[in-house]
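Written below as structure tokens is the structure these notes are about.
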Amino acid sequence: MKMLDILIKNGEIYDGLGGLPYKKNIGIKDNRIEIITSKKPPAHKVIDAVGLAISPGFIDIHSHTD
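Each residue of the sequence shown is one higher than the one before, starting from 1 at the first, in full-length UniProt numbering.
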């Protein structure tokens, strides 16, 4: 596997699909998620997210048409 830019490890992943959170590691390369894995591939920067939640971005869909 090629070297990742960032590895976020040990976080609780909430994928936004309504299921239970799970622990995996997220590898980022060129500003995109490259891999979600139980392994710990090499990366230039490692972020230890133990005790933290990882989720997709939240948006505010509240709007007015008037």
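Note that CB positions come from ideal geometry on N, CA and C, so glycine has one too.
No experiment lies behind these values; they were computed from the predicted model shown.
Short Cβ contact (8 Å threshold) for residue i with residue j
i: P42; j: L4; result: yes
i: T37; j: K24; result: yes
i: E12; j: I61; result: no
Host beta strand (DSSP E) of residue i (start-end)
i: H44; result: A43 to D48
Separation of residue j from residue i, as counted between CA atoms
i: K40; j: L7; result: 8 Å
i: I28; j: I35; result: 7 Å
i: K2; j: G19; result: 31 Å
i: N10; j: R32; result: 19 Å
i: I59; j: V50; result: 25 Å
i: D15; j: P21; result: 7 Å
i: residue 72; j: L52; result: Because the chain here runs from 1 to 66, residue 72 falls outside it and cannot be looked at.
Residue environment, residue i, which counts as buried when at least 16 other CB atoms sit within 10 Å
i: I26; result: buried
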